[in-house]
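In what follows, a single structure is set out as structure tokens and then discussed.
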Amino acid sequence: MFKGTISRALFTNTYPGSLNRLVVSRFASTVPPSSSSTTSATSLHNELTALEKQDELNRKQVELAKEKVQMKKVKPTSPGLRWWRKPIYPYLWKGKPYKPLTVTRVAKSGRNNTGRIVVRHQGGGVQRRIRIVDYERKTPGPQTVVRIEYDPNRTSHIALLKHNETGEHSYIIACEGLRPGDQVESFLAGIPKRFIEEMGGKIDPALLSVKISGKGNGPAKYCRAAGAYGRIVSKLPEENRAIVQLQSGEQRYVHLEACATLGVASNSAHHNESLGKAGRNRHKGIRPTVRGVAMNTCDHPLGGGRGKSKSNKPSMSPWGVLAKGGFKTRKGKHENKNKFKDRPRGAANK
1 MFKGTISRAL FTNTYPGSLN RLVVSRFAST VPPSSSSTTS ATSLHNELTA LEKQDELNRK
61 QVELAKEKVQ MKKVKPTSPG LRWWRKPIYP YLWKGKPYKP LTVTRVAKSG RNNTGRIVVR
121 HQGGGVQRRI RIVDYERKTP GPQTVVRIEY DPNRTSHIAL LKHNETGEHS YIIACEGLRP
181 GDQVESFLAG IPKRFIEEMG GKIDPALLSV KISGKGNGPA KYCRAAGAYG RIVSKLPEEN
241 RAIVQLQSGE QRYVHLEACA TLGVASNSAH HNESLGKAGR NRHKGIRPTV RGVAMNTCDH
301 PLGGGRGKSK SNKPSMSPWG VLAKGGFKTR KGKHENKNKF KDRPRGAANK
């Protein structure tokens, strides 16, 4: 069951008419099955030309939407404020989160049970609470968006929902265009006919989707960051799988009964944000990253010496592992069985 929340902005730009209720779609019931039962990987590559052009158009539309977002600037009374940039979202909630849906975050500072540092560049930061986000969306019935909140533990925004019948609250990752007062409803068995008629009688299989789960009836695994989305490329009924293309160009297999939300994740202008100074990274719990050549000899193989030269030594980690050549981190090209097509690399990615 491929479920998804269709954002208001996506409907306005894609389909004629208006839809004031966010609906959920089922991939298996909305996308027409393939005429050929034996779809090979070679034929799928030939069918992707038109979809890749549409994906390029979608990417340009997302870039135009990002340019419309205003960035907050202040008078540069200090060097830290001179380069500080932050997107302006006037609809964000300015108060505290809904406390029953939060838990205390225990800071580890990158240390294990013996107190030794096992993960570098972690520690400190502002104390914060973890928001419990519903990634499965199995609760039926209409729900109202109470507010859109900022979450310090992720890049995208979250939406607080209230069930119209039970009054139960829940958090979800907000899609682009979702605003307080909107109605959200999940249909696990497929979209009702009244909503399909408002969409022109069908659902485009190449709609942008976020919060995609890898397995049937499982929680969302992909496309949860700010501005992230995936595109449905094709489905293979005989294999009970579908192919989804991620933003990097990589295509992956997902279960045909997997769930997803239609739309683009909120806060798409996150990449334009500039912290302005190192102290804001410390507020996030990120400690400085020191270069090896700037350390002493006892701290790094490239440390010590006169001047800033590393001599004739190759680049390596503090434990002597070579960084360039000789040490491979990937086992093979097809080490991931869920990968259908690798992402573009090198000159092809430019």
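Using UniProt numbering, read the sequence shown as starting at 1 and increasing by one per residue. Every residue, glycine too, gets a C-beta built ideally from N, C-alpha and C.
Euclidean distance between Cα positions of Asn-267 and Cys-298: Along the sequence shown, read from residue 1 onward, the residue named residue 267 stands at position 267. Along the sequence shown, read from residue 1 onward, the residue named residue 298 stands at position 298. Cα-Cα distance, rounded: 44 Å.
For Ala-269 and Glu-176, believed in contact at Cβ under 8 Å, the rounded distance: Here residue 176 corresponds to residue number 176 of the sequence shown, with the count starting at 1. Here residue 269 corresponds to residue number 269 of the sequence shown, with the count starting at 1. Incorrect: roughly 10 Å between the Cβ atoms, too far for contact.
Cβ neighbours of Asn-338 in the same chain (closer than 8 Å, five flanking residues each side left out): Position 338 of the sequence shown holds residue 338. Once the five neighbours on either side are set aside, the close Cβ partners of Asn-338 are Gly-214, Arg-252, Tyr-253, Val-254.
Within 8 Å, strictly: CB atoms of Ile-212 and Ala-258: Counted from its first residue, the sequence shown places residue 212 at position 212. Counted from its first residue, the sequence shown places residue 258 at position 258. Yes; because the gap between Cβ atoms is below 8 Å, this pair is in contact.
Backbone CA spacing between Lys-308 and Pro-318 [nearest angstrom]: Position 308 of the sequence shown, counted from the first residue, corresponds to residue 308. Position 318 of the sequence shown, counted from the first residue, corresponds to residue 318. Going from the Cα of Lys-308 to the Cα of Pro-318 covers about 17 Å.
Backbone secondary structure at Arg-287 - three-state DSSP: Counting from 1 along the sequence shown, the entry for residue 287 is found at position 287. Coil.
Inter-stretch contact (C-beta, 8 Å, three-pair minimum) for the stretch 75 to 84 and the stretch 273 to 280: yes
Per-residue burial, Ala-159 [other beta carbons within 10 Å of its own, 16 or more giving buried]: Translated into positions along the sequence shown, residue 159 becomes position 159. That one is buried.
Beta-bridge pairing of Gly-230 - partner residues as DSSP gives them: Mapped onto the sequence shown, residue 230 falls at position 230. Per DSSP, Ser-209.
Buried or exposed (CB count within 10 angstroms, at least 16 for buried), Gly-263: What you label residue 263 is simply residue 263 of the sequence shown in a count that begins at 1. Classification for Gly-263: buried.
Candidates Tyr-135, Tyr-150, Glu-250, of which the one nearest Arg-345 by Cα: Position 345 of the sequence shown, counted from the first residue, corresponds to residue 345. Taking only the C-alpha atoms, the option nearest Arg-345 is Glu-250.
Span of the alpha helix (DSSP H), counted from its first residue to its last, around Lys-328: Mapped onto the sequence shown, residue 328 falls at position 328. Segment: none, Lys-328 is in no alpha helix (DSSP H) and carries neither H nor E.
Cβ shell of Gly-304 (< 7 Å), same chain only, five flanking positions each side left out: Numbered from its first residue, the sequence shown carries residue 304 at position 304. So the qualifying residues of the chain are Asn-296, Thr-297.
Cross-strand partners of Val-145 (DSSP beta bridge): As a first step, residue 145 must be located in the sequence shown, where it is residue number 145. Its beta-bridge partners are Leu-161.
Close Cβ partners of Tyr-135 (< 6 Å) along its chain, the five nearest in sequence each way excluded: Looking up residue 135 in the sequence shown gives position 135. Pro-219, Ala-220, listed in sequence order.
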